[in-house]
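With my numbering applied, the sequence shown covers 79 to 1154. For every residue, glycine included, the Cβ atom is placed at its ideal position computed from N, Cα and C. Bear in mind the structure is a predicted one, so any value in this text is a computation, not a measurement.
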Amino acid sequence: MKEKVTESKTIKQYPDWKRVDHKLDPFPIDLTKFEGRIELEPHMYFRYFINKNKNEESLTLNVFLTNEAEIKEGEFIEDSNCIFQPKIKLTSPESTKIFLNISKMTDKKIKESQPKDQITLFLFRNFKHYAQGRNCAVEWNLEETDDKTNWVQTTFVPHYVIREIKPKEPSIEIKKSLNMKNLSEVTDFKKYKELLYPITADYKNWIMELEHRRELWENDKSNTDFEKKFISNQGNIPKALTEDCHDALKRIKIGIDKISSDPLIGECFRFANEVMYQNIIHSKWVKLNKEKISRGETIMEDNPNPSSVDPEWRLFQLAYLLLNIESITNPTIENRANVDLLWFPTGGGKTEAYYGIIAFTLAFRRIRGKDAKSIEDELDRYGISIIMRYTYRLLTLQQFQRAATLFCACEYVRLKNTQNKEKFGSQPFLVGLWVGHDTTPNSFAEAKKLIQQKRSNANMEIEKTDPIQLLNCPWCGRELDAFNYEFQQSYDSLEQLRPRRIQIRCNKKCFFGKLGDSERVLPLVFVDEDIRNLCPSLLIATVDKFAQISWNWKYSTFFGNVSQYCKEHGYRPGNAPSTNTLDRCSHPAKKKFSNGKEEKIPVVNIGRKLAPPELIIQDELHLIAGPLGTLTGLYETAIDILCTSETGFRPKIIASTATTKKSEDQLRDLFNSKTTKIFPPQGFDFGESYFAEVLPLSEKHPGKLHVGICSTSVSGFNVDSRIAACLLRKIRHIRENKNKFSFDGKVYSFTDNDLDPYYTLVSYYNTIKNLGAAIRMYEDTIPSYMGVISNTSENKFQIQNNAPKESVEILQKEELTGRINAAKIPTILQDIEIKLGDKKVLDALLCTNMLSVGVDVERLNAMVINGQPKSTSEYIQASGRIGRKDPGIVVTNYAYIRPRDLSYFENFIQFHSTYHKSVEPGIVTPFSSRARDRGLAGVFLALIRMNSQTLSNNPKKFDPNDTNISKIISDIEKQIIARVNEIDKLESDGTKTDIKELIKKWDTARIEFNSWTSKGTGDLKYRRNPFTNKTESDIIYLLNSSRDAYDEHSFVIPESLREAESEVALYYHKKYEETK
């Protein structure tokens, strides 16, 4: 309660108050009565209601504290009539455990749920839930192990510490098996068995212990009815879980046998380890060098010191690589059609796990063709081997930057000696960035122009389409500018000649900066035209960009459909019309080199398609759901067909996520997978596996603190601003007194390195609208309130310590949302990394769900989430950006007026202790009628244009009566329908009808064109000129975007897979305006 200190003279002048604790003696509740009302103080009552549950073995007790003071009309209500933060604590006589675990009382769900739901319930069976709040939160003894407890109580500031799920610390013996340097130096591949079998032996022992626990449980006659449900004849869940572990063990053993017995596969594994070793030591070196640069220091060393780092695999990373080796190297086995889903909490090291697979797959493609007998077999070693997809450009850019170091390592190993160049080919390992035009240029000429402009004016801000995507070298960390981006290369001889592209050459001290060496450039491609022509080994793309395969026939090179290879222009599309001279090279032509000689540039005519991509990696799987997931699944029909080799082998698919539920259904609908295998397979409790462990709370592993706030007296941005101000001011207050900071009776000393993880506050919003309003709040309200805190609660302490106050007049903030300029993203990512004490560090990072999609910044450890996000998955992912290295704190501000927010607040501890249980399944319906309306035409046209030389760029040739055209149509229709039958057979007839309508519409447009031709007018084209977007009269455009005017002859084709839901254009016509 509060006590008045000064009187208020007017209604507008508020009195001052101080907090006064008020405690009542315990009193009993009569459970034999179904309701009761007890007066505690004048106008303050304790009420309770009792409901008898159906089984009559338990009661539901509802308790309330009510303020029944009478309010007279027109009377000024003083705060003295209010009770602030009341607490109700229920205990039992003599501390008997009488409060029951609510979760166990809802066991009917087990009977009604599907097998995968039963597994989820089983994994979370030991988490307790004893009470639920009403306009407040509740807490209980979290150390309780029984299904009963002896007390529960209310709270208005609930908190819960999420324990860390970390990779398991291996034994000393197994640690030797994880050392990348040791694994990369093996020459006798039979030794891999000796090195790696200790892992499988230890894993087998762990599974045997699991089996023993299962047997004891099955034979335990004291099992409750709740526990018996999990081991019924209808579905023995512990048995199913141990079988998954046995299957994983078996596949890991097969992988070890493969690398030990097959020299080619063994060499690929050795290559992967050497690449990962170089990747890790250079990644750490780059990070140190970037910090030096930010402090104004000079990089003295030309190479990292290997002795300072001893890179090791995490146990699950190496096991995941070994587990996938057979399905990557043998396309005929059953596991090839399965999706291996890597599940690990955020920050666990998933990226490095599939980087190992990427390096292995690249090496396998290159090395199997080292003894090629034909030019086609030799070129089969190259082209796009792997496609890696993300949902947001920010994450795609960040992953491209990370993958850049990996590919530098690949090139470093390839160029190390002549033998390696023979093994892994004469063409470089390249990584390509394929994102929207708002981020990177579409053409070489556009990129060249922008680079020239940037060289002329270094301070010029490019609003979009920026070719300068890397600001630091991924191999040494030195800064890069427009002068490092080369568009005009000179070569000494034909042997040195490389296909034209925008290339980046670092400082001459860097390995990738040696002047005069055409191979010593960063192995990166980021211009659409260059990507088509060079076909980089790894293509990193946003998933929505694949809508472009309907619009641009030249993307056929991505899938191995090439007709020529020119040493000056690269690969030429195999579906290029024979009359198209622009996309077909007519060499040999002569080229003059820098040594003065003129030599002919040969062109290789390729007689068949090259190998298509063999591996598809879908990261952040939980984001491929809803409308985006539905269109992605539909377009995956075309991508899967185009990636299927001429011998009928489909690509291997792996995926990863930190939040998953019913992923089998989602992956089946997306990729037409036969089975989904989640790795690592779980034990008998959530987070428990051979490869991971849930760490008990300790000083070394304090976990991540979640705090809930739900204010009922102040709402909206007032609460947001006060929470943010408190957190921002507190860390600054500590810094001002860092040499002698007193807390809880103890004195602490801190450095800037200690405080840096908490200095930049991440403020997370669910909508751009709310974030936009908050920007103003960070400019005035929050700095002002920080000053209030400083001048009141801190004033006495400041005087005692004579500490100077930090200025808070202006907060340095940055925004991370979808509306920011694409060209600014690399700079923003760089600014976030700036540490306290280096330059002017960021005070606040305001963001929306763009942050939650995999942004990895270790120094962010304090967050405010303003309102419960739309999905549990988003909440886990967003809060997972915090506390990746140091202990994190996440404060969630729940809006009292939103019932959903209030529900999460009332069940705060129950939700946070089991939030992975509440993850929503990803739902996709790729062949539903509405999805077909939106995307089937795009899929059909993409397959036609990618596969047909006749129809690739000439829609006038479409004649269903022509024998060749009819066969192409029939084959495509059969392939689409076959996929529909395997994913959603009920939609088969509807899909057949829609395809027939598509064929009819196209044929009608052709017939209309022919009627115009007879009159000497008109034309039929696929699309408008994308650079002018000018509509010409008497022309039928077969492809219309959602922005174009309606045409009955045209197909409305999405330009991005985010165009899943149609938009309605509204126009204001002034001539129709009514006048008075």
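query, result
"Pick from Thr753, Lys730, Ile732 that is closest to Lys740, judged by C-alpha positions", "Thr753"
"Complete runs of the beta strand (DSSP E) confined to the region 382-442 [at least 3 residues]", "417-421"
"Proximity winner among Asn495, Val513, Ala431, relative to Thr469 (alpha-carbon distances)", "Val513"
"Exposure of Gly1000, with buried meaning 16 or more beta-carbon neighbours within 10 Å", "buried"
"At least three beta-carbon pairs within less than 8 angstroms, the region 574-592 to the region 454-471", "no"
"Uninterrupted beta strand (DSSP E) stretches inside the region 499-532 (no shorter than 3 residues)", "509-512"
"Unbroken stretches of the beta strand (DSSP E), 3 residues or longer, contained in the region 92-155", "95-97, 113-119, 122-130, 137-145"
"Identified DSSP bridge partners for Ile582", "Tyr563, Leu600"
"Status (buried if at least 16 other CB within 10 Å, exposed otherwise) for Ala901", "buried"
"Extent of the continuous alpha helix (DSSP H) to which Leu493 belongs", "Here Leu493 belongs to no alpha helix (DSSP H), and DSSP marks it neither H nor E."
"Range covered by the alpha helix (DSSP H) that runs through Leu342", "341-372"
"Beta-carbon contacts of Leu484 that lie in its chain and below 6 angstroms, excluding the five residues immediately before and after", "Asn357, Tyr433"
"Three-state secondary structure assigned by DSSP to Ala1138", "coil"
"Spatial distance of Ser386 from Lys687 (CA atoms)", "47 angstroms"
"Sequence-distant residues of the same chain with beta carbon closer than 6 angstroms to Met855, five excluded per side", "Phe795, Ser799"
"Gln642 - containing beta strand (DSSP E), residue span", "640-644"
"Given Lys918 as reference, the closest of Asp909, Asn159, Glu412, Ile719 once Cα atoms are compared", "Asp909"
"Cβ separation of Thr710 and Val621, assumed to be a contact under 8 angstroms, to the nearest whole Å", "6 angstroms"
"Nearest residue (CA-CA) to Lys365, options Arg480, Leu475, Leu396", "Arg480"
"Residue closest to Asp979, alpha-carbon to alpha-carbon, out of Leu706, Asn944, Leu1064", "Asn944"
"Reduced DSSP secondary structure (H/G/I, E/B, other) of Glu1156", "Only positions 79 to 1154 of the chain appear in this structure, which leaves residue 1156 out of reach."
"Local conformation of Met378 per DSSP, three classes", "coil"
"Straight-line Cα distance separating Ser170 from Leu419", "47 angstroms"
"Start and end residues, alpha helix (DSSP H) containing Asn283", "269-296"
"Beta-carbon spacing of Leu143, Phe127 below 8 angstroms", "no"
"Nonlocal neighbours in the same chain, by C-beta distance under 6 angstroms from Asn879, ignoring five residues either side", "In this predicted model, Asn879 has a pLDDT of only 48, less than 50, meaning its place in the structure is not dependable enough to derive any value."
"Euclidean distance between Cα positions of Ile582 and Ile1055", "46 angstroms"
"Of the listed residues Lys132, Gln163, Glu148, nearest to Lys101 (C-alpha basis)", "Gln163"
"Length of the line joining the Cα atoms of Thr278 and Phe757", "15 angstroms"
"Under 8 angstroms between C-beta atoms of Asn520 and Arg556", "no"
"Ala940 vs Tyr842 beta-carbon contact at 8 angstroms", "no"
"Assigned secondary structure, Gln477 (DSSP; H/G/I helix, E/B strand, else coil)", "helix"
"Among Pro690, Pro601, Ser641, nearest to Arg443 - alpha-carbon criterion", "Pro690"
"Whole-angstrom distance between Gly765 and Ile285, CA atom to CA atom", "15 angstroms"
"Contact test: Pro601 Cβ vs the ligand ZN heavy atom, cutoff 7 angstroms", "Ligands are entirely absent from the displayed structure, and the ligand ZN is therefore not among its contents."
"Proximity winner among Ser463, Val997, Arg937, relative to Glu692 (alpha-carbon distances)", "Ser463"
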